[in-house]
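Student:
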Ligand SMILES: NC(=O)c1ccc[n+]([C@@H]2O[C@H](COP(=O)([O-])OP(=O)(O)OC[C@H]3O[C@@H](n4cnc5c(N)ncnc54)[C@H](O)[C@@H]3O)[C@@H](O)[C@H]2O)c1
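In the UniProt record's numbering, the protein residues as written are 1 to 325.
Printed below as a string of structure tokens:
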């Protein structure tokens, strides 16, 4: 797969059967979209490893899946720690009988840590530190949101590319914890390999209530842009999901206010459909799908495209959260 494929016709069905037996790794899989993806990939017959900092919820979901005869493994994983993610990727390879990794969805995210920067926009609501010249300097901004939403994704991509490049392993027993370190050059394989980024419409348009969140989601989109034309030569497809507001734990404390201000929510099931299509369909590379209240659409986020800005204008995401009291 070289280059960017043409805009998607999302009214056509795609064949998800090829994911049966594939190795899938999802971060932030204990809740919300990640948990829905774990269930969907598991039901489609994949070997799904998912990492999260929420151990109880992760173990519960693993039990739910295995009790249905589905193949899922939870691992504690803090995406902000490279060693933690590295161990989770190794666990994902170990979980697959042939130590195979095909699909990575760096989904973990948080929506906190941006309040201090809000004083830039709304000093009446988020008072800045004292402007007395003798006062101490203001506190350093809290960058936790960037650590999870952007740095964690960079770690995921780096590890995904490393493990995608490993030569195919012969089938080994799943109990073999230490994989041999291959010595030959990276193999180029026709096996389906994909990274599906989870950005947001906040990666396309202004969301003044979430300055760092938005910065991170633009950054994820930057990773997508920087990779999508170039890693196809190694058989890796790179695509992106950009949901509008969805009902998950992330939006729980603003849901009433969002709905009260007329925001229509996107459906989690539409986001799952989009991720499955982008991750599984071997003909799709370099596409970004928006999940909006009226369904999914290809954003035409291409060098020559203007579809993303049209979508942003039509829904007018940017003013909504800003107006919430
Ligand atoms: N809900 C929305 O409206 C919306 C809209 C656009 C994009 N998104 C994106 O969708 C993705 C999933 O979010 P969600 O809506 O399902 O929210 P969620 O809160 O239900 O799920 C996020 C998951 O990430 C996990 N997580 C947080 N920090 C982590 C860390 N350091 N290491 C590992 N896991 C960590 C959480 O424990 C949680 O399970 C996020 O990337 C989010 O930014 C959500």
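All residues carry an ideal CB built from backbone N, CA and C; glycine is no exception. Being a predicted model, the structure only gives us computed values, none of them experimental.
#1: So if DSSP puts residue 292 in a beta bridge, which residue, or which two residues, is it bridged to?
#2: Can you say whether residue 99 is buried or exposed, counting buried as having 16 or more other CB atoms within 10 angstroms of its CB?
#3: Tell me which residue opens and which closes the alpha helix (DSSP H) that residue 225 is part of.
#4: Would you decide whether residue 63 is buried or exposed? Buried here means 16 or more other CB atoms lie within 10 Å of its CB.
#5: Got a sec, what are the start and stop residues for the alpha helix (DSSP H) residue 14 sits in?
#6: In angstroms with no decimal places, state the Cα-to-Cα distance between residue 21 and residue 138.
#7: Please indicate yes or no: does the CB of residue 243 lie closer than 7 Å to some heavy atom of ligand 1?
#8: Tell me whether the beta-carbon of residue 248 lies closer than 8 Å to the beta-carbon of residue 33.
#9: Reducing DSSP to helix, strand and coil, say where residue 29 ends up.
#10: Is residue 272 helix, strand or coil by DSSP?
#11: Bridge partners for residue 236 per DSSP, in chain order?
#12: Under 8 Å between the Cβ atoms of residue 284 and residue 8?
#13: For residue 223, does the count of other Cβ atoms within 10 angstroms reach 16, so buried, or fall short, so exposed?
#14: Starting from the Cα of residue 193, find the closest Cα among 228, 73, 77 and give me that residue.
#15: If you measure from the CB of residue 61, is any heavy atom of ligand 1 nearer than 7 Å?
#16: What is the rounded straight-line gap between the Cα of residue 107 and the Cα of residue 38?
#17: Whole angstroms is fine: what's the gap from residue 25's alpha carbon to residue 242's?
#18: Between the alpha carbons of residue 151 and residue 219, how many angstroms are there, rounded?
#19: In angstroms with no decimal places, state the Cα-to-Cα distance between residue 264 and residue 153.
#20: For residue 162, count neighbouring C-beta atoms within 10 Å of its own C-beta (all shown protein chains included) and say buried if the count is 16 or more, exposed if not.
#21: Taking 7 Å as the cut-off, is the beta-carbon of residue 290 closer than that to any non-hydrogen atom of ligand 1?
#22: Which residue marks the beginning of the alpha helix (DSSP H) containing residue 109, and which one marks its end?
#23: State the DSSP-derived secondary structure class of residue 144, mapped to helix, strand or coil.
#24: Just list the residues that DSSP pairs residue 243 with in beta bridges.
Tutor: By the coordinates alone:
#1: 295
#2: buried
#3: 211 to 227
#4: exposed
#5: Here residue 14 belongs to no alpha helix (DSSP H), and DSSP marks it neither H nor E.
#6: 53 Å
#7: yes
#8: yes
#9: coil
#10: helix
#11: 193
#12: yes
#13: buried
#14: 228
#15: no
#16: 11 Å
#17: 19 Å
#18: 9 Å
#19: 28 Å
#20: exposed
#21: no
#22: From DSSP, residue 109 is part of no alpha helix (DSSP H); its letter is neither H nor E.
#23: helix
#24: 291
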